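Note sheet for the following structure.
Residue numbers (our numbering): 3 to 296.
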């Protein structure tokens, strides 16, 4: 195995992670909300510190501050963020907390939406994810790979129960002044596979049920895919300068109107249209920041 993989480079942490972990690896309707395990968080911060090069930063913090102000004024907020690796959320939280007191407060209010794979596939991957508050969902794309009719029927029922509980948890979290962070692609982007950067149709529902939205683009990546993208512990560490950029705060209703104007009369699927516009905005931000990153 690659000596720079997570499995090798950080295997010395695994016994301590196993000791600290309290993750419930089988997801049910009763444990979809999983608060951050503060005992694990220092290890994730150390990994970020070791692998983010000097000059890593969050740009346009004034936009993040305006978003926080909207949350504190009672607005329901959502953060939609590009997704390149399992370091994206740890990197955001690490940089926010070290930028300013306002950044630290915003970080304390972020609850990420996470697919069950992070909890159920590998106990060490679950322990890494456990450092951050999450609401677990059953992703629709997970059902698409099931071929056995009986298994599919059983899992469809399970997905409905879990996702209903997740929506209740999401509503409660936002009423308490928290921001929900979602990766609109639903999966990490795989170079050479543009379909992995397409937004998931269901994201429109998150936008529709929110008042304000913040987009965050990411340039740079400290964790690259190995030859087997399914093996998350096989991901390869790569020291890099990370630039995260916050968009202006969007009014969600107005954003959906902008999406309709952007797509014109050609869009048949109105929900997908909105998510396609999200990905267009994120890609535009990404390209603008990439020009000056290196």
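Where is the CB? At the ideal position from N, CA and C, for every residue including glycine. Predicted, not measured: the structure shown is a model, and the values here were computed from it.
Kindly list the residues whose CB is nearer than 7 Å to the CB of residue i, restricted to its own chain and excluding five residues on each side of it in sequence; keep chain order.
i: residue 168; result: 34, 137, 138, 139
i: residue 55; result: 241, 242, 243
i: residue 269; result: 275
i: residue 120; result: 127, 128, 131
i: residue 97; result: 58, 59, 60, 246
i: residue 99; result: 105, 106, 109
i: residue 179; result: 73, 74, 111
i: residue 157; result: 145, 148
With a cut-off of 8 Å on the beta carbons, I'd call residue i and residue j a contact; round off their distance for me.
i: residue 22; j: residue 39; result: 7 Å
i: residue 217; j: residue 287; result: 7 Å
i: residue 172; j: residue 134; result: Not a contact, Cβ separation roughly 15 Å.
i: residue 87; j: residue 162; result: The Cβ separation is near 30 Å, so there is no contact.
i: residue 184; j: residue 205; result: 6 Å
i: residue 188; j: residue 143; result: 6 Å
i: residue 273; j: residue 203; result: 5 Å
i: residue 221; j: residue 291; result: 5 Å
i: residue 8; j: residue 235; result: 5 Å
Any idea which residues DSSP pairs residue i with across the strands?
i: residue 59; result: 245
i: residue 209; result: In DSSP, residue 209 forms no bridge with anything.
i: residue 35; result: 137
i: residue 252; result: 215
i: residue 221; result: 245
i: residue 192; result: 195
i: residue 228; result: None, per the DSSP bridge assignment.
i: residue 54; result: 242
If you count every other CB in all the chains shown that lies within 10 Å of the CB of residue i, and 16 or more means buried, which is it?
i: residue 48; result: exposed
i: residue 186; result: buried
i: residue 84; result: buried
i: residue 66; result: buried
i: residue 238; result: buried
i: residue 117; result: buried
i: residue 147; result: exposed
i: residue 36; result: buried
i: residue 111; result: buried
i: residue 174; result: exposed
i: residue 259; result: exposed
Residues in its own chain within less than 6 Å of residue i by CB, not counting five upstream and five downstream?
i: residue 264; result: 279
i: residue 252; result: 215
i: residue 80; result: 182, 208, 212, 215
i: residue 250; result: 65
Give me, in chain order, the residues of the same chain whose beta-carbon lies closer than 8 Å to that of residue i; leave out the 5 immediate sequence neighbours on both sides.
i: residue 192; result: 198, 227, 231
i: residue 63; result: 101, 102, 104, 105, 248
i: residue 125; result: 20, 23, 25, 27
Uninterrupted alpha helix (DSSP H) stretches inside the region 73-123 (no shorter than 4 residues): The qualifying runs are 90-101, 103-110, 119-122.
At what residue ranges does the region 146-182 contain a whole run of the beta strand (DSSP E), taking only runs of 3 or more? none
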